[in-house]
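> One structure, pasted below without further comment.
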Amino acid sequence: MWKKMAANEEENVKDTIRRCVREEMINFREERIPRRLGTENLLNRTRYTGEMVKPSGKTSRFPIGQWAQERKKKQAILVQANRGIKELEGQISELKRKRGLLDNEKVHLPRGQHVVTRTTLDENNCDKSVGVSCNIAAKRRKLTYDAAKKIHSNPSSTEPEVQCATANGLWNTLVTNIVAKSVSTFEKSSKNFLRSVSVLYRGGILSKRKYCNIRSSESFDYDIPTKRRKHTEFEEGCRVPALIPYKDLMKFIEVQDIGKLNSIPQATSEGEIENESEEVNANLLPVVPGHYIDLKEHLLQMADLYLYIDSHKANFLTWFGKDKGHFLVAVGADGAPFSNANEACAWLVSFLNVSERVASPDDNFLICGANCKEDHPSMLLYGKLLKSQMNTICKSNFYSKRSAVKV
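In this text, residue positions in the sequence shown follow my numbering: the first is 403, and each later residue adds one.
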């Protein structure tokens, strides 16, 4: 070092020290970088200086200022990129929160209470909830409406637009997910079969054509522009439930258990008039087309039905001062022009306990039907059989599924 200082005596001490320190730093740097020839040495020096180093025999300074500026620029770019990433993360977090509000988050009642009792509607009044107070029901309705408002409206809309969009969203949800599916389910349910049977037998049994006309008029409309029938809708997308088709309804009725069907008793020929009017075979008249059911079995079945209705509808039956379960029954027969022989006979049974409704066809039940006159020998023979059954029934007490029964 002192030799270098002696080489230039005109330099002052400070400049000499600076020059020596600088040269030592350059030497230290060059010792850290392996000496290589050509392009590789220049590239390694460029990595430390931050810029391309021109081949030169002279030693150059390390551009610390330029390096600091470049470093500062890169840090600014990195900070700006991090700020954009944070904004994206915030948006993603907000979307996740909204998705959780729709899918995963539970509805909380005021004061942080969870739902303890589910909402159940009154069967007789769909506007009334059962099992919860009026205040809780009102709070649940408000929470439901507020959640629907966030889903189906935007903050920039006016209040009338928000109300309209929320109502449309709720109605569309109910129609699509509940009402439309419920209509299809109801059409295949047992309730719809019973509803169709009630229409078929109301006021007397309907013919196939009359039943199909009623079903068509209730469930379908005629579209004049397309000249085709379409389902009747009380609201868009909500069609009226249709009655069961006649063919399926007949299959349902045929499989019902109404008891054993017995053939009409075959009568014997006892007079010359009968021998002349009937084809007698071995003193036996031809078998009369028709059937009858057992009286005792039918009366017990109907008594059980009437007791069930009376337990759900007050004063449905009148006991005429007797004990509950003591029924008064009337049996009668009548004939009318019908079928190929132009005559038919029917035996009916009625419960007098229904009071004035005994005159209604809905409370008169068929126990025997035959294709003959009411004074035919077979009908007279069935009348004797029915009389003996009635005498046996009046002297006995029976028990139905619900209580003791006396007829």
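Where is the CB? At the ideal position from N, CA and C, for every residue including glycine.
None of the values given here were measured: they were computed from a predicted structure.
1. In the DSSP output, which residue or residues are listed as bridge partners for R597?
2. Within its chain, find whatever has a CB closer than 6 Å to the CB of S757; leave out the 5 residues flanking it on each side and keep chain order.
3. Can you tell me where the alpha helix (DSSP H) holding V807 begins and where it ends?
4. Using 8 Å as the threshold, is the stretch 659 to 670 in touch with the stretch 610 to 625, meaning 3 or more CB pairs across them?
5. Cα separation between C566 and R604?
6. Let's see if you can read the secondary structure: which residues bound the alpha helix (DSSP H) around R617?
7. Use the C-beta contact count for P779: other C-beta atoms within 10 angstroms, 16 or more gives buried, fewer gives exposed.
8. For N664, which residues does DSSP report across the bridge?
9. Assuming A748 contacts A735 (C-beta within less than 8 Å), just tell me the rounded distance between them.
10. With a 10 Å radius around its C-beta and 16 neighbouring C-beta atoms as the bar for buried, classify Y694 as buried or exposed.
11. Please classify E776: does DSSP put it in a helix, a strand, or coil?
12. Assuming the contact rule is C-beta atoms closer than 8 Å, G737 and E776 should be a hit. Round their C-beta distance to whole Å, please.
13. Quick check: what's the CA-CA separation for L754 versus L788?
14. Taking a contact to mean a Cβ-Cβ separation below 7 Å, would you say L596 touches A669 in this structure?
15. Would you mind reading off the limits of the alpha helix (DSSP H) that contains V564?
16. I need the straight-line Cα distance from M427 to Q471, nearest angstrom please.
17. Taking only three categories from DSSP, how would you classify L439?
18. Using a Cβ-Cβ cutoff of less than 7 Å, which residues in the same chain neighbour H728 once the five nearest sequence positions on both sides are dropped?
19. Could you have a look at L709 and say whether DSSP puts it in helix, strand or coil?
Looking at the coordinates:
1. BP columns for R597 are empty, so no partner.
2. T720
3. Run containing V807: none in the alpha helix (DSSP H); it sits in the beta strand (DSSP E), A806 to K808.
4. no
5. 44 Å
6. K610 to S621
7. buried
8. Y694
9. 7 Å
10. buried
11. coil
12. 4 Å
13. 19 Å
14. no
15. E561 to L576
16. 22 Å
17. Because L439 sits at a pLDDT of 45, beneath the cut-off of 50, its placement in the model cannot be relied upon, and the point is left open.
18. W721 and K808
19. helix
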